[in-house]
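Asker: Before anything else, here's the structure in question.
Number of protein chains: 2
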Amino acid sequence: MVLGTAESAVLCFDVGGTDIKAGVVDARGQVLGMRRVPTPLDPARPGEAVLDRLAELKAELASEFPEAPAKAAGIIVPGIVDSVAGVGIYSANLGWRNFPFTAEATKRLGIPVAFDHDVRSAAAVEHSFGGSKEFNDVVVMVVGTGIAAAVFSGGKAVTAGGFAGELGHAQVPDPDAAGSTILEAVGSAGAIAKRYHRESGIRVDGARGVLLRANAGDAVAARVWADAVDALAFTICQCVNIIGTEAVVVGGGLAEAGDDLLEPLRKRVDAILDFQRRPQLIRAQLGQDAGLLGAALNARALLGGTP
Amino acid sequence: MVLGTAESAVLCFDVGGTDIKAGVVDARGQVLGMRRVPTPLDPARPGEAVLDRLAELKAELASEFPEAPAKAAGIIVPGIVDSVAGVGIYSANLGWRNFPFTAEATKRLGIPVAFDHDVRSAAAVEHSFGGSKEFNDVVVMVVGTGIAAAVFSGGKAVTAGGFAGELGHAQVPDPDAAGSTILEAVGSAGAIAKRYHRESGIRVDGARGVLLRANAGDAVAARVWADAVDALAFTICQCVNIIGTEAVVVGGGLAEAGDDLLEPLRKRVDAILDFQRRPQLIRAQLGQDAGLLGAALNARALLGGTP
Chain A
1 MVLGTAESAV LCFDVGGTDI KAGVVDARGQ VLGMRRVPTP LDPARPGEAV
51 LDRLAELKAE LASEFPEAPA KAAGIIVPGI VDSVAGVGIY SANLGWRNFP
101 FTAEATKRLG IPVAFDHDVR SAAAVEHSFG GSKEFNDVVV MVVGTGIAAA
151 VFSGGKAVTA GGFAGELGHA QVPDPDAAGS TILEAVGSAG AIAKRYHRES
201 GIRVDGARGV LLRANAGDAV AARVWADAVD ALAFTICQCV NIIGTEAVVV
251 GGGLAEAGDD LLEPLRKRVD AILDFQRRPQ LIRAQLGQDA GLLGAALNAR
301 ALLGGTP
Chain B
1 MVLGTAESAV LCFDVGGTDI KAGVVDARGQ VLGMRRVPTP LDPARPGEAV
51 LDRLAELKAE LASEFPEAPA KAAGIIVPGI VDSVAGVGIY SANLGWRNFP
101 FTAEATKRLG IPVAFDHDVR SAAAVEHSFG GSKEFNDVVV MVVGTGIAAA
151 VFSGGKAVTA GGFAGELGHA QVPDPDAAGS TILEAVGSAG AIAKRYHRES
201 GIRVDGARGV LLRANAGDAV AARVWADAVD ALAFTICQCV NIIGTEAVVV
251 GGGLAEAGDD LLEPLRKRVD AILDFQRRPQ LIRAQLGQDA GLLGAALNAR
301 ALLGGTP
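Protein chains in written order, with full-length UniProt numbering: chain A, 1 to 307; chain B, 1 to 307.
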């Protein structure tokens with residue numbers, strides 16, 4: 001638990017492509033009644049369907065924890081998010097375009113709503129409480145099925161109207177052909193499993209299965225893993241050259257590989273760079289609930305409370 | 001002339017790899033006595049040799065313009081510059097490492113000194129007065145013999161202790177081999193002339209000569225030009241994905257190509273990007289003296305004057 005005390009309880013909702021995680025964070029900073037429900041997918045009204053479900057969750061949590069009435073709610077979602085305008089600009093998985101989340105959620109929930117990006121919110125918690133807190137120029141990468149990131153420059157989150165941190169869609173050299181592809185297609189946990197299956201015909205238990213095989217001497221697995229490391233290092237070096245990144249925090253499923261990922265990544269980054277500062281590569285310390293905690297901090301900030 | 005009035009005159013020095021440009025900017029914002037002298041290169045004491053020359057220039061300008069006594073000086077240099085610490089961390093061309101410019105220059109010149117990076121200072125002037133002033137997330141690229149850049153995020157310069165904006169050293173796909181090279185080796189005016197000469201055996205008048213030949217139907221020249229456009233577009237798209245860049249200002253010698261550069265660059269950037277915002281590509285408006293004006297503004301800022 002990383003949160004301190006505040007004046008009031010807040011609701012927090014982490015809306016993902018598959019599940020919504022929800023809970024109440026009480027005034028002492030404790031998470032109560034955390035639950036996970038399927039994300040409703042309604043192509044005709046994707047944003048509204050999600051908010052209907054959040055209103056139900058609010059009612060459930062309110063009757064379950066009458067001693068902790070929420071004075072604000074934090075909602076975080078994936079995709080392109082303009083948190084200042086309160087708009088979900090685009091989500092490939094969830095289907096909305098320019099949905100006015102803050103306004104609609106405030107109406108439905110009847111309390112002030114802090115709306116923000118899932119990875120940026122989780123990364124802010126990671127950056128405030130984790131291993132990168134001494135650095136000002138930081139990138140937090142969440143490497144799982146896809147790749148998302150939050151960028152900090154001079155100690156502040158870079159948002160650019162929601163368009164910053166799209167590291168998964170940055171170009172990298174294509175290991176399978178001349179030219180380029182995107183980082184997510186080579187360096188994500190999802191891509192590692194997929195590329196290994198395509199090249200070997202063998203289905204394994206995700207990126208972890210590929211790593212186990214690579215460590216056991218499987219040459220195809222070793223190459224697929226090395227390709228992922230190369231691609232991640234390529235993108236990290238872009239960050240170093242463009243914005244002078246001092247530290248990169250790697251989270252998400254792939255970070256569970258620990259030094260099997262970070263050690264070759266450090267070597268590759270070092271080989272690419274010349275006179276530039278070598279960024280610290282740090283494993284994320286907070287787990288899957290960092291997003292929910294980030295949503296709670298956003299909601300508390302709305303109430304002017306201390307994080 | 002872009003500068004307004006201020007309380008006092010200031011000295012400005014733009015220290016380049018070949019020349020030092022110097023002048024006085026008087027209280028009305030007029031540049032007086034602008035001159036260009038060779039940069040002294042002394043491997044044993046590179047920083048000191050430059051400052052000795054600046055002290056001479058100060059004395060010359062003071063006796064020439066007794067009506068405009070300078071109350072502060074702005075000095076800008078290339079390389080890696082930590083303007084907060086006042087240190088020239090590294091310059092490949094000029095040879096210093098960790099030279100305490102602000103402290104030493106203040107001693108020698110006897111007036112307060114604002115020390116900063118040449119391209120960042122020129123870019124700040126370009127961004128304040130040029131075509132990108134309405135944007136918050138901007139990259140100013142100076143594409144000449146080499147490539148330098150200044151990065152703005154949320155309206156503020158990204159410095160990262162002097163290590164931001166090294167776009168010339170960012171990796172791009174190598175058009176001549178498998179793998180990667182750096183942007184400067186393909187996308188700079190210098191690289192365009194060099195690669196064309198290497199491939200055709202023909203010496204031309206720099207990148208301009210290559211463009212003339214490409215426009216006249218020379219296939220090698222067209223390919224070299226297209227490679228440069230591809231490399232510049234690749235790096236611009238990295239900026240878009242990492243920090244959500246809205247506008248890219250292109251200056252330096254290569255920008256003189258105008259639409260012969262910007263039109264294919266726009267097309268290529270558009271082809272690489274997917275859901276992302278397309279950045280505006282804008283030709284720099286200020287010329288070679290933007291650096292000197294930037295140095296003057298830095299010096300004025302030190303005195304608390306209005307730019």
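No residue lacks a Cβ here, since even glycine has one placed at the ideal position from N, Cα and C.
Is D26 (chain A) buried or exposed, if buried means 16 or more other CB atoms sit within 10 Å of its CB?
Answerer: It counts as buried.
Asker: Determine the direct distance from the alpha carbon of I80 (chain B) to that of G165 (chain B), and round the result to whole angstroms.
Answerer: Going by the C-alpha atoms only, they are around 10 angstroms apart.
Asker: Please return the same chain residues whose Cβ sits closer than 6 angstroms to the Cβ of L54 (chain A), not counting the five positions on each side in sequence.
Answerer: F13.
Asker: Return the residues of the region 180–197 of chain A that lie within a Cβ-Cβ distance of less than 8 angstroms from chain B, sorted by chain order.
Answerer: Correct list: S180.
Asker: Hey, would you say A245 (chain A) sits closer than 8 angstroms to A170 (chain A), going by beta carbons?
Answerer: The residue you asked about is not Ala; residue 245 (chain A) is Thr in the sequence shown. Their beta carbons are not under 8 angstroms apart, which means T245 (chain A) does not touch A170 (chain A) by this criterion.
Asker: Counting only Cβ pairs nearer than 7 angstroms, list the residues of chain A close to E166 (chain B).
Answerer: Going along chain A in sequence order, the residues near E166 (chain B) (Cβ under 7 angstroms) are N241, Q276.
Asker: Just list the residues that DSSP pairs L32 (chain B) with in beta bridges.
Answerer: In the DSSP output, where bridge partners are listed per residue, L32 (chain B) has B:V24.
Asker: Which residues in the same chain have their Cβ closer than 8 angstroms to the Cβ of R283 (chain B), if we skip the five residues on either side of it in sequence?
Answerer: If we look at R283 (chain B) and ignore the five residues flanking it on each side, its Cβ neighbours are G131, V249, V250, G251, A255, G258, L262.
Asker: Indicate whether V138 (chain B) and A247 (chain B) have their beta-carbon atoms separated by less than 8 angstroms.
Answerer: Result yes, Cβ atoms of V138 (chain B) and A247 (chain B) sit closer than 8 angstroms.
Asker: Contact between the region 91–99 of chain B and the region 201–217 of chain B: three or more CB pairs below 8 angstroms?
Answerer: Judged by Cβ distances under 8 angstroms, the region 91–99 of chain B makes no contact with the region 201–217 of chain B, as fewer than three pairs qualify.
Asker: Between which residues of its own chain and Q276 (chain A) is the CB-CB distance below 6 angstroms, once the five residues before and five after are set aside?
Answerer: So the list reads V240, once near-sequence residues are dropped.
Asker: In the DSSP assignment, find the unbroken alpha helix (DSSP H) run with S83 (chain B) in it and report its ends.
Answerer: Run containing S83 (chain B): none; DSSP gives neither H nor E here.
Asker: Hey, D118 (chain B) and V77 (chain B) are a contact pair by Cβ (cut 8 angstroms); roughly how many whole angstroms apart?
Answerer: Going by Cβ atoms, the distance from D118 (chain B) to V77 (chain B) rounds to 6 angstroms, so yes, they are a contact pair.
Asker: Pull up the distance between the alpha-carbon of P40 (chain B) and that of A222 (chain B), whole angstroms please.
Answerer: Roughly 39 angstroms separates the two Cα atoms.
Asker: With 9 angstroms as the C-beta to C-beta threshold (strictly closer), list the residues of the region 226–258 of chain B near chain A in chain order.
Answerer: From the region 226–258 of chain B, only F234, T235, C237, Q238, C239, V240, N241, I242, I243, G244, T245, E246 have a Cβ closer than 9 angstroms to chain A.
Asker: Nearest to V125 (chain B) by CA position, among B:T18, B:F115, B:V140, is which residue?
Answerer: Cα-wise, what sits closest to V125 (chain B) is B:V140.
Asker: Can you find the residues in the same chain that come closer than 6 angstroms, C-beta to C-beta, to F99 (chain B), ignoring five residues on each side of it along the sequence?
Answerer: Once the five neighbours on either side are set aside, the close Cβ partners of F99 (chain B) are G47, G88.
Asker: Between the Cα of P279 (chain B) and the Cα atoms of B:A296, B:L292, B:A22, B:I243, which residue gives the shortest distance?
Answerer: Among B:A296, B:L292, B:A22, B:I243, the Cα nearest to that of P279 (chain B) belongs to B:I243.
Asker: Looking at chain A, is there any beta carbon in it that lies within less than 8 angstroms of the beta carbon of I76 (chain B)?
Answerer: For I76 (chain B), the answer is no, since every Cβ of chain A falls outside 8 angstroms of its Cβ.
Asker: Hey, would you say A70 (chain B) sits closer than 8 angstroms to A9 (chain B), going by beta carbons?
Answerer: Cβ atoms of A70 (chain B) and A9 (chain B): closer than 8 angstroms.
Asker: Tell me, to the nearest whole angstrom, how far the beta carbon of L265 (chain B) is from that of L232 (chain B); I am working on the premise that it is less than 8 angstroms.
Answerer: Indeed, because the Cβ distance is near 6 angstroms, the residues count as touching under 8 angstroms.
Asker: Give the straight-line distance between the Cα atoms of G304 (chain A) and S188 (chain A), rounded to the nearest whole angstrom.
Answerer: Going from the Cα of G304 (chain A) to the Cα of S188 (chain A) covers about 37 angstroms.
Asker: Would you decide whether T18 (chain A) is buried or exposed? Buried here means 16 or more other CB atoms lie within 10 Å of its CB.
Answerer: Burial call: exposed.
Asker: Using a Cβ-Cβ cutoff of less than 6 angstroms, which residues in the same chain neighbour E199 (chain A) once the five nearest sequence positions on both sides are dropped?
Answerer: Closer than 6 angstroms at the Cβ level, and outside the excluded window around E199 (chain A), lie V220.
Asker: Do you know whose CA, among B:G154, B:D52, B:G161, B:I182, lies nearest D274 (chain A)'s CA?
Answerer: Checked all of B:G154, B:D52, B:G161, B:I182; the closest Cα to D274 (chain A) is B:I182.
Asker: Spatial neighbours of G155 (chain B) within its chain, please: CB distance less than 6 angstroms, with the 5 preceding and 5 following residues excluded, ordered by chain position.
Answerer: Result list for G155 (chain B): N136, in chain order.
Asker: Does the beta-carbon distance from A122 (chain A) to A290 (chain A) come in below 8 angstroms?
Answerer: Contact flag set, yes.
Asker: Taking C-beta pairs closer than 7 angstroms, name the residues in chain A that I202 (chain B) reaches, listed in chain order.
Answerer: Under the 7 angstroms cutoff, chain A gives no residues; its nearest Cβ is about 27 angstroms from I202 (chain B).
Asker: Can you check DSSP and say which residues form a bridge with A114 (chain A)?
Answerer: Paired residues: A:G74.
Asker: Using a Cβ-Cβ distance under 8 angstroms, would A170 (chain A) count as near chain B?
Answerer: Taking Cβ atoms only, chain B reaches closer than 8 angstroms to A170 (chain A), which makes this a yes.
Asker: Between D82 (chain A) and chain B, is there a C-beta pair that is closer than 8 angstroms?
Answerer: Chain B contact via Cβ: absent.
Asker: Once the 5 residues before and after S180 (chain A) are set aside, which same chain residues still bring their CB inside 8 angstroms of it?
Answerer: Around S180 (chain A): Q171, V172, P173, D174.
Asker: Establish whether the CB of V99 (chain A) and some CB of chain B are separated by less than 8 angstroms.
Answerer: The sequence as given places Phe at residue 99 (chain A); Val does not occur at that position. No, because no Cβ of chain B sits closer than 8 angstroms to the Cβ of F99 (chain A).
Asker: Show which residues of chain B have a CB atom less than 8 angstroms away from the CB atom of A160 (chain A).
Answerer: The contacting residues are N136, D137, S153, G154, I243, G244, T245, E246.
Asker: Given this structure, state the Cα-to-Cα distance separating A60 (chain A) from A6 (chain A), to the nearest angstrom.
Answerer: Inspection of the sequence shows that residue 60 (chain A) is occupied by Glu rather than by Ala. So the two alpha carbons sit approximately 22 angstroms from each other.
Asker: For F163 (chain B), name the three-state secondary structure that DSSP assigns.
Answerer: The answer is coil: DSSP assigns F163 (chain B) none of H, G, I, E or B.
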